[in-house]
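A.B. asks: Input: one structure, supplied below.
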Amino acid sequence: MSRTKLTWIALIVLVWTSMLSFGGVAAETVMLYPNIFVDPPASLERAREFIVAGGPSDYFPPLGMSVIVTSLASTVLVWRDRRLRWWVAGAAATFVACEFVFSAVFFWPRNEIMFVDPVGTHAPEYLRQVAAEFVAGHWVRVAGGAVTAVLAFTALLRWARASAPGAVGASGTAR
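Below, the structure written as structure tokens:
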């Protein structure tokens with residue numbers, strides 16, 4: 002398979018997975034979070050009862066790994082093209098920083114407190130504080146997901162324009 006075809010595939014999959022991730026975070030924001038965080042600790046207990054068969058922890062880790070793998074592959078494939086390099090590398094860096102590192106450092110400990118530790122382990126006021134921190138920090142993920150998707154889509158659009166039949170390449174020759 003040619004490098005051009007691999008680049009097309011990698012960029013399309015990167016846009017697709019990053020938009021799925023951003024869409025999932027946006028859906029959580031408007032559908033789940035108003036119910037989960039409306040009245041902690043009671044709403045946290047209801048969420049524990051509701052989110053049993055599957056939840057965000059079943060969806061986001063494998064999807065996030067696919068975004069990371071695809072963004073790294075895309076970065077390698079486009080690295081020689083200055084018009085695309087920083088769009089794709091920026092998408093990768095933004096996703097890793099805002100969705101993975103920030104989640105591991107900020108959200109995972111709060112998820113443990115709110116949803117894994119036995120009910121009654123923490124005082125209601127502490128649970129309200131942790132829930133408020135979680136909701137506030139969530140906007141970092143929303144912004145990071147949006148920026149990642151926009152950067153990935155911009156890279157794909159620039160690639161499509163540059164590789165269209167008759168397009169002039171960076172060296173001034175047709176591709």
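Under my numbering, think of the first position of the sequence shown as 2, with each following residue one higher.
For glycine and all other residues, C-beta sits at the position ideal for the given N, C-alpha and C.
#1: Going by the beta-carbon positions, is the gap between L85 and A11 smaller than 8 Å?
#2: Among D59, W80, C99 and A168, which one has its Cα closest to the Cα of V141?
#3: Which runs of the alpha helix (DSSP H), 4 residues or longer, sit entirely within the segment 22-64?
#4: If we ignore side chains and look at the alpha-carbon of each, how far apart do A48 and F107 end up?
#5: Can you give me the C-alpha to C-alpha distance between P42 and A133, rounded to a whole angstrom?
#6: Smallest Cα separation from L7: which of S22, L64 and T76?
#7: Assign A171 to one of two classes, buried (16 or more other C-beta atoms within 10 Å of its C-beta) or exposed (fewer than that).
#8: Taking the beta carbon of W160 as the centre, do at least 16 other beta carbons fall within 10 Å, making it buried, or is it exposed?
#9: Taking 8 Å as the threshold (C-beta atoms), are V68 and T18 in contact?
#10: Mapping the DSSP letters down to three states, classify G167 as helix, strand or coil.
#11: Excluding the 5 residues flanking L15 on each side, which residues of the same chain have their C-beta closer than 6 Å to its C-beta?
#12: With distances taken Cα to Cα, identify the nearest neighbour of T149 among F101, F51, S3 and S44.
#13: Quick one: residues in its chain with C-beta nearer than 6 Å to the C-beta of R111, no 5 flanking neighbours on either side, listed in chain order?
#14: Can you give the beta carbon distance from V26 to V143, rounded, assuming they're within the 8 Å contact cut?
C.D. replies: This is what the structure gives:
#1: Their beta carbons are not under 8 Å apart, which means L85 does not touch A11 by this criterion.
#2: For V141, the nearest C-alpha among the options comes from C99.
#3: Runs of the alpha helix (DSSP H) lying entirely within the segment 22-64, each at least 4 residues long, are 34-37 and 43-51 in chain order.
#4: A48 and F107 have their C-alpha atoms roughly 20 Å apart.
#5: Roughly 11 Å separates the two Cα atoms.
#6: Looking at S22, L64 and T76, the one whose alpha-carbon comes closest to that of L7 is T76.
#7: Because the pLDDT at A171 is just 44, under 50, the model does not fix this residue reliably, and the point stays unresolved.
#8: Burial call: buried.
#9: At a Cβ-Cβ threshold of 8 Å, T18 and V68 count as neighbours.
#10: Residue state, collapsed to three classes: coil.
#11: For L15, where only same-chain residues beyond five positions count, the Cβ hits under 6 Å are T71, S72, S75 and A153.
#12: Out of F101, F51, S3 and S44, F101 has the C-alpha closest to the C-alpha of T149.
#13: Excluding the 5 residues flanking it on each side, R111 has same chain C-beta neighbours closer than 6 Å at V131 and F135, in chain order.
#14: 6 Å between Cβ atoms; contact.
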